[in-house]
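Take a look at the structure below.
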Amino acid sequence: METWDAIRARRNVRTYEDRALARDDLDRVLEAGWRAPSASNRQPWDFVVVTDRAVLGELATVWVGASHLAGAAAAVALVLRQSEGERDRMLDQYDLGQATMAMLLTVTDLGIGSGHSAVGDQEACRRILGIPADRTCAYLVALGYPADRPLAPVAHPDRRPFEDVVHRERW
């Protein structure tokens, strides 16, 4: 898939086929996150990939909107170290967003669906994944082949009008 097609085809997928993902595909997704830009090359992230169905089921309980993880083929927990100040926290969040988007475009290119989730219960996420206390489980990204329809560019996305979003030269 071309990059532009992947951008237009990417959507949140919450139901998945009961089919495993190839390890090479998972590694490509993780490498995309690893290669993402980072302010001053700080790379504040760690990624925990999970394919065990029982663990995916447990992860589905850490946020009210995370139930789709139970049916996923895999999930990636995006983990951040504790930031030392407001500036570092803002840079780390931006960097993690770039790593996340690199992963989301990569899975789309592979025909794999994704659905992201926040983490409300940090202690449970740390316990389930063995994450040290000085780290935060920032987000979870569920992965799997879409059960409803394959990924394809969306001609008319449900978005705010382009002209309302884009301001040229000034607001």
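Start counting the sequence shown at 11; every next residue gets the next number (my numbering). Backbone N, C-alpha and C fix where the C-beta goes; we use that ideal spot for every residue, glycine too.
Taking the alpha-carbon of residue i as reference, which of the options has the nearest alpha-carbon?
i	options	result
R145	V117, R170, A134 and D174	A134
S52	A84, D98, A76 and R18	Going by the sequence as given, residue 52 is Arg instead of Ser. Taking only the C-alpha atoms, the option nearest R52 is D98.
R18	T116, V58, A42 and L88	T116
E27	V72, F57, W14 and A80	A80
N22	D37, I138, P142 and A82	A82
A70	L120, L31, A152 and D15	A152
D35	E12, V59 and T13	V59
Q108	R159, R29 and P47	P47
G121	L161, P142, V86 and L150	L161
Classify residue i as buried or exposed, calling it buried when 16 or more other Cβ atoms lie within 10 Å of its own Cβ.
i	result
H177	exposed
S50	exposed
R136	buried
M113	buried
A167	In the sequence under discussion, the amino acid at residue 167 is Pro, which differs from the Ala named in the question. Per the 10 Å Cβ criterion, exposed.
G154	buried
What residue does the beta strand (DSSP E) around residue i start on, and which one ends it?
i	result
A19	Note, A19: premise wrong, no beta strand (DSSP E); alpha helix (DSSP H) at T13 to A19.
T146	R145 to G154
D56	W55 to V60
Helix, strand or coil, according to DSSP, for residue i in the structure here?
i	result
S50	helix
H166	coil
L120	coil
V86	strand
S77	helix
R91	strand
A128	strand
For residue i and residue j, which I take to be in contact (beta-carbon distance under 8 Å), what is that distance rounded to the nearest angstrom?
i	j	result
R24	G125	5 Å
T118	A16	4 Å
L88	W55	6 Å
A128	G67	Not quite, the Cβ-Cβ distance comes to about 18 Å (not below 8 Å), so this is no contact.
Which residues bound the alpha helix (DSSP H) around residue i?
i	result
R33	R33 to W44
R180	First-last for R180: undefined, no H or E at that position.
G67	R63 to L69
V175	F172 to V175
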